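The structure appears right after this line, and notes come after that.
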Amino acid sequence: MNDLFNILIFSKDYNQGVIIQDYIKAIGYNSQVFDQEEAAYEGFLSRNFTLCIINHDIDTKETRTLAAMIKSSENIIPVVFLCEHPTREEITLLFSFHADDVIRKPLDTDILQARIKAVQSRYQPQRKKEVRTYIFGKFKFDLQKQILSIEGKTTKLTTKEADLLTLLCQHANNMVDRMHALQIIWRSDNYFSARSMDVYITKLRKLLQDDPTIRIINVHGKGYKLSTHENDN
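Start counting the sequence shown at 1; every next residue gets the next number (UniProt numbering).
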């Protein structure tokens, strides 16, 4: 087996996932099959996967959410969707949901191997870059320790505070879509999750008051933006 490739396979139909795993084994790569979104994401966090394959025969919220969560993590890996007879609209939609490639089924081992290598090679430079600290205005945010500091004053953030601030920092001076943030951090977009996020936004705003040039701005009806410009509206 090629230890350089360790592939996460997500398929709501576990039996289809095993069939995909057989193809992956045939081209010499390690893989693990998951049929539950939560277990797949926990596996992604705990193991050194180099690529994620999502079986997309059935369009579900879980497949799109898993791709979004992987793309918003610190250890970003390529995400490839497998589809049977996808339409042009479906392919376009999948790329908007963070797909790095869309491969049609039935699978061909030679084509599958070539496309996996191509996607992985494009990702090598990105995997080398790992952000551990964000500096904005007078603030320094240590992601690993979850500590926000300014001029000698330090605050230990909760996990959700740190996750939300990380997402805002990743898109500094650009809007973070509200629904996207809910799916990534709360893994739910229901009323209670939305209210919870509002509470955490308020908490972060209070923490950022020590530097008047740094603000979290509401983009009405759409999301939030971490502004590092003093005159930004």
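From the three backbone atoms N, C-alpha and C, an ideal C-beta is built for every residue, glycine too. Quick caveat, the model's predicted, so the values are computed rather than measured.
Checklist line | Cβ neighbours of V33 in the same chain (closer than 7 Å, five flanking residues each side left out) | finding: I9, S11, Y14, G17, V18 and Q21
Margin query: I need the DSSP call for T159, collapsed to helix, strand or coil.
Written below: helix
Notebook entry, point to check: Looking at the unbroken alpha helix (DSSP H) that takes in E151, where does it start and where does it end?
Noted result: Looking at the DSSP string, E151 is not in any alpha helix (DSSP H), and its letter there is neither H nor E.
Note to self: Give me, in chain order, the residues of the same chain whose beta-carbon lies closer than 7 Å to that of K222; leave out the 5 immediate sequence neighbours on both sides.
What the structure shows: M175, D177 and R178
Next item on the list: Select from K153, D110 and K225 the residue whose C-alpha is nearest the C-alpha of H180.
Entry: K225
Item checked: Buried or exposed (CB count within 10 angstroms, at least 16 for buried), P106 -> exposed
Check: What number of angstroms, rounded off, separates the C-alpha of I103 from the C-alpha of S188?
Finding: 28 Å
Next item on the list: Quick one: measure Cβ to Cβ for I185 and L164, integer angstroms, because I've assumed they're closer than 8 Å.
Entry: 6 Å
Margin query: Distance check for D57 and A39, CA to CA, integer angstroms please.
Written below: 20 Å
Next item on the list: Could you have a look at L8 and say whether DSSP puts it in helix, strand or coil?
Entry: strand
Next item on the list: Report the rounded CA-to-CA distance for T92 versus H220, giving the unit in angstroms.
Entry: 27 Å
Item checked: Inter-stretch contact (C-beta, 8 Å, three-pair minimum) for the segment 132-149 and the segment 113-122 -> no
Notebook entry, point to check: Closest by CA to S149, which one among A67, D210, F97 and L112?
Noted result: D210
Notebook entry, point to check: Thinking C-beta only, is I77 closer than 8 Å to T50?
Noted result: yes
Margin query: At 3 residues or longer, what runs of the beta strand (DSSP E) sit wholly inside the segment 31-66?
Written below: 51-55
Next item on the list: Give the secondary structure of F192 by DSSP, where H, G and I count as helix, E and B as strand, and everything else as coil.
Entry: helix
Next item on the list: With G223 as the anchor, note down where its beta strand (DSSP E) starts and where it stops.
Entry: G223 to S227
Notebook entry, point to check: Quick one: what does DSSP say I135 is sitting in, helix, strand or coil?
Noted result: strand
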